[in-house]
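The numbering of the sequence shown is the numbering used here, which starts it at 2 and goes up by one. Inspection log for the structure reproduced underneath, given as structure tokens.
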Amino acid sequence: MNLIQTLQAKYPDSSRRTLLSWIKWGRVAVDGAVTTKANELLTPDQEITIGKKDKIVESIPILYEDRYLIVIDKPSGLLSVPAENDLPSALSLLREGYSALPVHRIDQDTSGTLIFARGVQSQERFDEMFEKHELEREYLAIVEGNIPDQSGTWESYLREKENYDVEVTTPELGKLAITHYKVIRRTKKFTYLRLRLETGKKHQIRVQCMEAGYPVMGDKRYGSLHKERLCLHAHRISFTHPFTGKRLTITAPIPFKKFGSFENNEVVL
């Protein structure tokens with residue numbers, strides 16, 4: 002068999018397009034030598050190895066991929082999708098090595114798990130799943146001040162203003178946003194939170210933290226006085242795969258460890 006046929010036999014869950022992209026971007030080596038020839042004939046005793054995924058899209062760690070979807074660990078400061086200002090985005094960079102379609106977004110300064118579909122049918126399935134709130138999304142945040150309760154729920158109605166900021170408003174003017182939180186750790190000045198989204202409105206966590214009196218550390222847009230990066234991270238996403246039926250839980254490493262550990266007794270995220 003040639004190289005592409007061998008890869009198809011070895012990785013049956015990956016599409017031909019994906020395998021060709023691996024070859025194109027120098028991830029595939031035969032007997033230790035990188036090759037870019039999909040039709041190269043192989044003998045049974047030759048060894049095929051696959052290099053790291055970050056050779057396809059530098060600076061975007063890929064947490065999970067199959068023929069239907071890709072989950073990345075979006076760096077802080079990178080847009081999820083292209084905007085009018087022509088700044089780089091996760092989608093535009095990802096498309097250098099993949100055929101990807103947007104499914105949802107996280108804020109530019111928020112890091113963490115972000116899903117992209119690998120086809121229109123997959124995109125439609127995920128649109129339905131997000132609309133029905135069938136995905137579990139967990140965030141980590143460091144907020145200013147000490148929240149007295151160990152856990153709780155924030156419910157508010159949010160609307161976007163003309164300047165693209167988001168504010169709390171009335172039920173008649175806004176859309177319901179619900180966030181569940183649990184305190185993981187406290188210091189003299191900060192509270193470390195695990196947050197679970199029940200809804201997914203723009204700037205939901207950031208606005209609700211500010212409204213409660215505990216702005217997210219580094220969120221200058223919504224009340225923080227600290228100059229550090231926004232300490233909000235889409236840490237974990239769980240869902241039932243829309244095509245295979247398997248339950249997936251995908252986690253992005255915590256990026257702001259210099260601000261302290263998310264440890265509380267024996268609880269470690």
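Don't be surprised by glycine CBs; every beta carbon is placed ideally from N, CA and C.
Residue i, DSSP secondary structure in three states
i: V82; result: coil
i: D74; result: strand
i: Y65; result: strand
i: D55; result: Annotation note: pLDDT 47 at D55 (below 50); position unreliable, coordinate value reported separately. D55 falls in the helix class under three-state DSSP.
i: S16; result: coil
Cβ-Cβ distance between residue i and residue j below 9 Å
i: L136; j: A118; result: no
i: P216; j: E145; result: yes
i: A91; j: S81; result: yes
i: A30; j: I5; result: no
i: L159; j: E168; result: yes
Beta-carbon contacts of residue i that lie in its chain and below 6 Å, excluding the five residues immediately before and after
i: K164; result: Looking at the sequence provided, one finds Asn at residue 164 rather than Lys. So the list is empty, once near-sequence residues are dropped.
i: S239; result: E137 and T250
Residue i, buried or exposed, once every other Cβ within 10 Å from all chains shown has been counted against 16
i: A84; result: exposed
i: T7; result: buried
i: K221; result: exposed
i: Q47; result: exposed
i: H204; result: buried
i: A178; result: buried
i: A253; result: buried
Distance, residue j Cα to residue i Cα
i: V276; j: T19; result: Nothing about residue 276 can be reported from this structure: the residues present for the chain run from 2 to 270 only.
i: F244; j: H227; result: 44 Å
i: L21; j: T192; result: 47 Å
i: G78; j: R106; result: 13 Å
i: R96; j: S157; result: 37 Å
i: V121; j: S16; result: 15 Å
i: I1; j: E212; result: Only positions 2 to 270 of the chain appear in the structure, and residue 1 is not among them; the question remains open.
Own chain, CB closer than 8 Å to residue i, minus 5 neighbours either side, in chain order
i: F260; result: I143, F191, M218, E229 and C232
Residues of its chain near residue i, where Cβ-Cβ distance is below 7 Å and the 5 sequence neighbours each way are ignored
i: R126; result: P243
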